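For reference, the structure discussed in these notes is given below.
Number of protein chains: 2
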Amino acid sequence: MVAETSRRDRHREQTVGEIKQIARRQLTEVGTGGIALRAIAREMGMTAPGLYRYYASLDDLITALILDCYEEVVTAMEQARDALPADSLGARLHAASRAFRTWSVGHPVEFGLIFGAPLPGYARPPEGALEQAGARFAGVFRDLFVQIWARRPFPLPDESSIDPRLVEQLERYSARTGGRLPVTAVYLFVACWVRMYGAVAMEVFGRIRWALEEGGALFETELRQLAELLGITEEYALPPAPSSAAGGA
Amino acid sequence: MVAETSRRDRHREQTVGEIKQIARRQLTEVGTGGIALRAIAREMGMTAPGLYRYYASLDDLITALILDCYEEVVTAMEQARDALPADSLGARLHAASRAFRTWSVGHPVEFGLIFGAPLPGYARPPEGALEQAGARFAGVFRDLFVQIWARRPFPLPDESSIDPRLVEQLERYSARTGGRLPVTAVYLFVACWVRMYGAVAMEVFGRIRWALEEGGALFETELRQLAELLGITEEYALPPAPSSAAGGA
DNA sequence: ATGCTTAGTTATCAGCGTTCACTTAGTGGT
DNA sequence: ACCACTAAGTGAACGCTGATAACTAAGCAT
Chain A
1 MVAETSRRDR HREQTVGEIK QIARRQLTEV GTGGIALRAI AREMGMTAPG LYRYYASLDD
61 LITALILDCY EEVVTAMEQA RDALPADSLG ARLHAASRAF RTWSVGHPVE FGLIFGAPLP
121 GYARPPEGAL EQAGARFAGV FRDLFVQIWA RRPFPLPDES SIDPRLVEQL ERYSARTGGR
181 LPVTAVYLFV ACWVRMYGAV AMEVFGRIRW ALEEGGALFE TELRQLAELL GITEEYALPP
241 APSSAAGGA
Chain B
250 MVAETSRRDR HREQTVGEIK QIARRQLTEV GTGGIALRAI AREMGMTAPG LYRYYASLDD
310 LITALILDCY EEVVTAMEQA RDALPADSLG ARLHAASRAF RTWSVGHPVE FGLIFGAPLP
370 GYARPPEGAL EQAGARFAGV FRDLFVQIWA RRPFPLPDES SIDPRLVEQL ERYSARTGGR
430 LPVTAVYLFV ACWVRMYGAV AMEVFGRIRW ALEEGGALFE TELRQLAELL GITEEYALPP
490 APSSAAGGA
């Protein structure tokens, strides 16, 4: 066993990459329903049953694509975060948030895959791989949130203003994830995420066009409000480049 | 021309109703991708091409379903609103909001149809019928918002806290719809809707389950916060029935 | 060189939206 | 009452989809 990767293994990895690459391209071109085994195989110069050597079913391939998308958006957020000094926590949170929106707007179909309505015939795998990827995504925001709180606690809402049932659920969630924050801070975290999700999802799904031509300005305004809640407005600054010029491959 | 509806016309209307009814049932059972002309025809004891006498294409039928869903949710909201005294504006807004969430949670697939990611192969009709239905939906919230403002103006955010580009867009939107509110109030309206949309969409799409078991308590807490913004907290009251027992056919 | 594993093929099945040619049933005019 | 017209519905066909079974060819280790 000199090399773990034989000639055949390397060829296999390359084929898997080609499948996912073509699948991603067709996904963005045709939309969520455009992931078709036969179309992928055709473009690869293969026949459809051959793909079953690499994925047990279409759902398995979709799961792989979703995991890749998680990886992409998380990487984009982490890179944006790490491009700033480690002690500029507020700026880091802003950068990660903007990276989240930029990726989402640039990849609307993939965003729907991760954060939208469940796919028509798709059945989530029971292994928990998707949950793990989701937790990693949430972790980027949560870690920054916790660090900002640890550095300089911000004012928290009164617990009496939170529905008692929600307090219970939040306490369970908090206990599940280590629980170093007061429950009202956990509430604030969830509430902030809901607001950011709402702004981005509405824009990406095109559900805000009845009022606005574009979503970037709304997002920035929302981000500024969230910054106020967390006491990091002094680290708020307009994004380095106009939102439409960002993004990439 | 004694009767506008001949025997054949009545039969046709009945058939259209049966088509939509079966389509709705299959939609809720199988999901968004479950709208299949052949399956509908089979259940009706017909063949698929026969359905083309009633809808020019599958997309046309989907459009009809979406319009029906708009009608349903708007009716639910209006009924909840009108069940309360006309001068209890805050209570009316709360009732309409809760009706919106109740319908959405009870009809997750239909919610995705209206407010989620665009359907895979579906092409929106260019006539503007969907836009009109959407405008009617937004009108329920907007009218209540305007009335509440007219009765007792609530504190508005400073215009300097809003992105100038957003102010421009909001002013255009405001002018388009009559424009009797200051632009900062229009912003508040949009921001409130984004927050409510976020909370409901996350719950309906199951994207909050990593933290919470259920979404009703979060929604109530969010609703209470929005009530504070609009100065109608004294009209806030817990919903008449537990949120899980509501809903219906 | 032999034997096992993997990659990929063809053939086939059931289901999908859509079109075309055709039959049947209902409607209005004379 | 009859005739012409229209709408409703059928059956066959085309090309697309995911999936399975049986089979061939290539890679690899012993």
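For the record, the sequence lines run as chains A and B.
Note that this note's numbering has the first sequence beginning at 1, numbered continuously upward.
Note that this note's numbering has the second sequence beginning at 250, numbered continuously upward.
We treat Cβ as the ideally placed atom computed from N, Cα and C, and that holds for glycine.
The structure presented is a predicted model; accordingly, all values stated were derived computationally and were not measured.
{"Asked": "Interface residues of the segment 119 to 150 of chain A facing chain B [CB-CB below 8 Å]", "Found": "Leu119, Pro120, Gly121, Glu131, Gly134, Ala135 and Ala138"}
{"Asked": "Neighbourhood of Pro239 (chain A) by C-beta, 6 Å cutoff - its chain only, sequence neighbours within 5 removed", "Found": "Arg98"}
{"Asked": "Residue span of the alpha helix (DSSP H) that contains Phe403 (chain B), given as start and end", "Found": "Phe403 (chain B) -> no alpha helix (DSSP H), and no H or E assigned at all."}
{"Asked": "Under the three-state DSSP convention, the category Asp87 (chain A) falls into", "Found": "coil"}
{"Asked": "Within chain A, partners of Ser410 (chain B) - CB distance below 9 Å", "Found": "Thr221, Arg224, Gln225 and Glu228"}
{"Asked": "Alpha carbon of Leu229 (chain A) to alpha carbon of Thr177 (chain A), nearest angstrom", "Found": "23 Å"}
{"Asked": "Phe137 (chain A) versus A:Gln21, A:Leu181 and A:Cys69, residue with shortest Cα-Cα distance", "Found": "A:Cys69"}
{"Asked": "Euclidean distance between Cα positions of Met44 (chain A) and Gly90 (chain A)", "Found": "46 Å"}
{"Asked": "Contact check, Ala329 (chain B) vs Ala345 (chain B), beta carbons under 9 Å", "Found": "yes"}
{"Asked": "Buried or exposed by the 16-neighbour rule on C-beta atoms within 10 Å, applied to Ser161 (chain A)", "Found": "exposed"}
{"Asked": "Any C-beta of chain A under 9 Å from that of Trp352 (chain B)", "Found": "no"}
{"Asked": "Coarse secondary structure for Ala249 (chain A), derived from DSSP in three states", "Found": "Per-residue confidence for Ala249 (chain A) stands at a pLDDT of 37, beneath the threshold of 50, marking its modelled position as unreliable; no derived number is given."}
{"Asked": "Buried or exposed by the 16-neighbour rule on C-beta atoms within 10 Å, applied to Asp163 (chain A)", "Found": "buried"}
{"Asked": "Residue from A:Ile208, A:Val186 and A:Leu119 with nearest C-alpha to Phe438 (chain B)", "Found": "A:Ile208"}
{"Asked": "DSSP three-state assignment for Tyr301 (chain B), whether helix, strand or coil", "Found": "helix"}
{"Asked": "Cβ-Cβ distance between Val432 (chain B) and Glu408 (chain B) below 9 Å", "Found": "yes"}
{"Asked": "Pair within 9 Å by beta-carbon distance, Ile19 (chain A) and Tyr52 (chain A)", "Found": "no"}
{"Asked": "Start and end residues, alpha helix (DSSP H) containing His260 (chain B)", "Found": "Arg256 to Val279"}
{"Asked": "Touching by the beta-carbon criterion (3+ pairs, under 8 Å), the segment 123 to 130 of chain A and the segment 147 to 156 of chain A", "Found": "no"}
{"Asked": "Val204 (chain A) at chain B interface by Cβ criterion, 9 Å", "Found": "yes"}
{"Asked": "Cα-Cα separation between Ala494 (chain B) and Arg38 (chain A), rounded to whole angstroms", "Found": "Unreliable placement is indicated for Ala494 (chain B), whose pLDDT of 44 sits below 50; the coordinate value is still reported in the next sentence. About 45 Å."}
{"Asked": "Ser353 (chain B), DSSP secondary structure in three states", "Found": "helix"}
{"Asked": "Within 9 Å, strictly: CB atoms of Phe349 (chain B) and Ala450 (chain B)", "Found": "no"}
{"Asked": "For Ile35 (chain A), the three-state DSSP class (helix, strand or coil)", "Found": "coil"}
{"Asked": "Boundaries of the alpha helix (DSSP H) in which Ile232 (chain A) is found, first to last residue", "Found": "Looking at the DSSP string, Ile232 (chain A) is not in any alpha helix (DSSP H), and its letter there is neither H nor E."}
{"Asked": "Contact with chain A by Ala366 (chain B), beta-carbon distance below 9 Å", "Found": "yes"}
{"Asked": "The segment 403 to 436 of chain B: positions lying closer than 7 Å to chain A by Cβ", "Found": "Ser410, Ile411, Asp412, Arg414, Leu415, Gln418 and Tyr422"}
{"Asked": "Helix, strand or coil at Phe205 (chain A) [DSSP, three-state]", "Found": "coil"}
{"Asked": "C-beta neighbour in chain B for Thr32 (chain A), strict 9 Å", "Found": "yes"}
{"Asked": "Test item: CB-CB of Val443 (chain B) and Ala227 (chain A) under 9 Å", "Found": "no"}
{"Asked": "Three-state class that DSSP yields for Ala3 (chain A) in the structure shown", "Found": "Note that Ala3 (chain A) scores 42 on pLDDT, short of 50, meaning its location in the model is unreliable and no value can be drawn from it."}
{"Asked": "Contact belief for His260 (chain B) with Glu484 (chain B) at Cβ below 8 Å, rounded distance in angstroms", "Found": "About 50 Å separates the two Cβ atoms, so there is no contact after all."}
{"Asked": "Sequence-distant residues of its chain with Cβ nearer than 8 Å to Leu333 (chain B) (five each side left out)", "Found": "Ala340, Arg341 and Ala344"}
{"Asked": "Residues from the segment 256 to 281 of chain B in contact with chain A, defined by Cβ distance under 9 Å", "Found": "Val279, Gly280 and Thr281"}
{"Asked": "Sub-9 Å separation of Ala285 (chain B) and Gln270 (chain B) beta-carbons", "Found": "no"}
{"Asked": "Which of helix, strand or coil DSSP assigns to Tyr485 (chain B)", "Found": "coil"}
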